[in-house]
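**Student:** Chains as they are written, first to last, in the numbering used here: chain A, 1002 to 1191; chain B, 3 to 393; chain C, 138 to 511. All residues carry an ideal CB built from backbone N, CA and C; glycine is no exception. Take a look at this one; I'll ask things after.
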């Protein structure tokens, strides 16, 4: 008798397994249709790096070399000279070897002025490995092409339709919960 | 200056050949795959009714004309088996996609309909070499043996009343003999590959297929005893009233399990355990030789469900809506019923493939020898007894 | 050249020496096992590792402690931030850094999320080894949801580089709590499906029950840890024995099984997923939505002293021994890979088993070679 019971248990278990699998036939798959539909990545996501310029075209980077120091993979190479008029430094060379980059965003964390940022361009591919060494013009161009980026100092910034840079609303900021909850707290207080 | 050329538009789009599935269109998928089933049906009608009618019209009825007609039918069946493999590979991939919460092939052809053509072209383009450690002649012949043994089953499958390639009254014995040959192909292929993994796979395959032939043969005997004939056409005819699955339920269950084992299908796909032996006995094959093993497997994936339908589900029986049996229209309708029933059973096999893991080989053997053979003998005795009483 | 190798014994024709090579779909990475087979039964087994050795420990000698953290991510690449925690804890101990309560809770939530992610990968690949092709796709979809949640907060999916000395690098995304709660509901709806497909399947029972039994004493002697150890009956979990982060404040159980066979290991990992869900739910209640996420860490790191800290990885006890020499770069970091200890039992378990049992056993030991070879 127990043999029959075992057989029945086994058949029932296989049947439930098959029903579980069959259920999925009626559900819509969650597959995204890349490359015809691009995924909407969060601005914090480090898919590539870029150097942001100010709106008037001047350089945000103060050439403090903190990103070069912070990088674990040592892919940032910066050369600078003193500014002949005024304070600070000017950039001679700012190369990032995007082939060796670990995409850890340590440089982004280290930057004090929100010049080097994370952008979401994950579709850079090339036939020649040596062209993956990005120079400063490429990095500026990447920032100009991007819609949104992130760095710790200014948070998430977006580029509006007419090309202006502005700080993104709290829903897009990591930690934006603090901003979103503020009115509620003030109401409670008062 | 920038090293990397920046494309004009904002993002780089990949241009693909073929259809842009920017969204999924379920109605298109259903349309395309029903079209495939109907195309298959049309091919069957053309082979079994069209070719004799053509030769009749040409007047080449007897003697060499008859031989020519049968030869044309065989060639068309060969093409049909290629089409079957094409459809079934695609059906497998799309069905697995559906069940696994993804889409199957989507790019070549509407809803991925032409994908297998490109797969076949790819296989043709591969280098078809014989490893240095392999035995050249056997290595080359093994896929042919496997394919022939699967393809030869077509000769006795009745698609409709009178629509059989070779009307014999010993169809069942022919069937047993021919399907056993496939074990040879697998063994020869694996052993001659000069590769230890292929050897392990081939020995497992041989042992498995030989063990499962016995319950298979016993089930065939039970069906033959119940129907009173060894000819497949008559077995189908005898199911006019009630389908064989009702009186012969135990042999039916055993036949399904034994078919899965003959097909080396999950849960018995030990010989080609993909995650253990990579491809088992056909690991050294590439290009067209591999395509023949593949073709053989998918042709059998069609033929064994077809045999389940023939033996247990009434073959081509179905409501005729007043048509005269024996005419072309009736034959076409009956072959449509046959096609649909076979499609249902192929779907069940694919469903099993998607769900279950595989058994270990000694568990397989234990199951065959200790469980299935006694049950099959019991089913045989029961069938004989029932025939005695009820017929 | 390795001195441990398996030579065919001259004169014996019944034993076949096969190489289950580094390129194999079922070895979960690059493991090479040289197996002596008599028919289907394994008589000798010699594992070879080192195919994924990437010099972690030497590289880390030339990087500062914050730069070491992205490198540790790459060890057990399936578990994401779990690898970062031992180094972070050790250096925090040596420097005396205070970690705010909320940061500890955030770290623990991520830790448990990655435990679920790692066990989902294990489940998919274990079933793939056994032959079922469907659960793999289901578990990877669930894992995609977790990786999406992690990406919104931490920036990267698999290798997030999110923990840092004193807490975490950036604050949570506003949607975090809702996303995680939704994910847990989704997972709890899916778990019965996984039970039907994996735990209750009679074929899985036939393949795993009684296979690869690891007795308790042997497990302890070989340095096994994690679910493998708990499936052999030893109730040792670093989260209970040497608690860290927010674990003292949450209630959870340690699933243990007395059997020690492969099915027990499957079962223990399943139960761990449930326990992780429980922990995350408690922490979602407890974690304040706003607050500090990082404590004060000194700008110039001067670390001296030695420290060993261990955490409970998805695979076992992942430990790190940090030796500081007063500068901001470690003198030596030694990682104790969890799966490395688990692999020690391969000769014990393989010998005497059939070949396909070996595959099932290996999948239940769940090695990840980034951690083993480093």
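1) Where are the alpha helix (DSSP H) runs, 4 residues long or more, that stay fully inside the region 401-469 of chain C, in chain order?
2) Note down, in chain order, every chain C residue with its Cβ under 7 Å from the Cβ of residue 273 (chain B).
3) Candidates B:51, B:175 and B:323: which alpha carbon is nearest residue 155 (chain B)'s?
4) What span of residues does the beta strand (DSSP E) with residue 1094 (chain A) cover, start to end?
5) Would a check of beta-carbon distances place residue 214 (chain B) closer than 8 Å to chain C?
6) Taking only beta-carbon positions, decide if residue 1090 (chain A) is within less than 8 Å of chain B.
7) What is the DSSP secondary structure of residue 471 (chain C), reduced to helix, strand or coil?
8) Any idea what DSSP makes of residue 491 (chain C), helix, strand or coil?
9) Buried or exposed: which applies to residue 221 (chain C), given that a residue is buried once 16 or more other Cβ atoms fall within 10 Å of its Cβ?
10) Taking residue 269 (chain B) as the query, report the chain C residues whose CB atoms sit under 8 Å from its CB, ordered along the chain.
11) Give every residue of the same chain whose Cβ lies closer than 6 Å to the Cβ of residue 1068 (chain A), excluding the five residues on either side of it in the sequence, and list them in chain order.
12) Report the option in C:316, C:356 and C:309 whose CA atom is closest to the CA atom of residue 1177 (chain A).
13) Can you list, in chain order, the residues of its chain whose CB lies under 8 Å from that of residue 245 (chain C), leaving out five sequence neighbours each side?
14) Just to confirm the assignment, what range does the alpha helix (DSSP H) spanning residue 377 (chain C) have?
15) Just the C-alpha distance for residue 321 (chain B) and residue 339 (chain B), rounded to the nearest angstrom, thanks.
16) In chain order, what residues of the same chain lie with their CB nearer than 6 Å to the CB of residue 1156 (chain A), ignoring the 5 residues before and after it?
17) Out of B:78, B:33, B:26 and B:25, state which residue places its alpha-carbon closest to the alpha-carbon of residue 50 (chain B).
18) Just to confirm, is the Cβ distance from residue 218 (chain B) to residue 274 (chain B) under 8 Å?
19) For the alpha helix (DSSP H) that residue 44 (chain B) lies in, which residues bound it at each end?
20) What are the residues of the region 343-370 of chain B that lie near chain A, defined by any Cβ-Cβ distance shorter than 8 Å?
21) Does the Cβ-Cβ distance between residue 1 (chain B) and residue 52 (chain B) come in under 8 Å?
22) Could you list which residues in chain C have their beta carbon closer than 7 Å to that of residue 104 (chain B), in chain order?
23) Opposite residue 267 (chain B) in the DSSP bridges: which residues?
24) Taking the beta carbon of residue 81 (chain B) as the centre, do at least 16 other beta carbons fall within 10 Å, making it buried, or is it exposed?
25) Checking contacts by CB at 8 Å: is residue 12 (chain B) closer than that to chain C?
26) Select from the region 1101-1115 of chain A all residues with a C-beta closer than 8 Å to any C-beta belonging to chain C, and list them in chain order.
27) If the criterion is Cβ atoms closer than 8 Å, does the pair residue 397 (chain C) and residue 369 (chain C) meet it?
28) In chain C, what lies closer than 9 Å to residue 101 (chain B) by C-beta?
29) Is the Cβ of residue 1172 (chain A) closer than 8 Å to any Cβ of chain C?
30) In or out: residue 102 (chain B) buried (at least 16 other Cβ within 10 Å) or exposed?
31) Check whether the Cβ atoms of residue 1026 (chain A) and residue 357 (chain B) lie closer than 8 Å to each other.
32) Any beta-carbon of chain C closer than 8 Å to the one on residue 1182 (chain A)?
33) Cβ of residue 25 (chain B) less than 8 Å from any chain A Cβ?
34) For residue 222 (chain B) and residue 199 (chain B), I'd like the C-alpha separation in whole angstroms.
35) Roughly how many angstroms separate the alpha carbons of residue 172 (chain B) and residue 226 (chain B), rounded to a whole number?
36) Using the beta-carbon of each residue, which ones in chain C are nearer than 9 Å to residue 198 (chain B)?
**Tutor:** For this structure:
1) none
2) The contacting residues do not exist; residue 273 (chain B) stays about 12 Å from chain C at best.
3) B:175
4) 1090-1098
5) no
6) no
7) strand
8) strand
9) buried
10) 268 and 340
11) 1077, 1108, 1111, 1112 and 1117
12) C:309
13) 382, 383, 384, 387, 416 and 420
14) 375-378
15) 9 Å
16) 1174
17) B:78
18) no
19) 28-47
20) 353, 354, 356, 357 and 358
21) Outside the displayed range of chain B (3 to 393) lies residue 1 (chain B), so it cannot be described from this structure.
22) 274
23) Answer by DSSP bridge pairing: none, since residue 267 (chain B) is not bridged.
24) exposed
25) Bear in mind that a pLDDT of 41 at residue 12 (chain B), under 50, signals an unreliable position, so the number given afterwards is only what the model happens to contain. By this cut-off, residue 12 (chain B) is not an interface position.
26) 1103, 1104, 1105, 1106, 1107 and 1110
27) yes
28) 271 and 274
29) yes
30) buried
31) no
32) yes
33) yes
34) 34 Å
35) 10 Å
36) 153, 154, 155, 156 and 174
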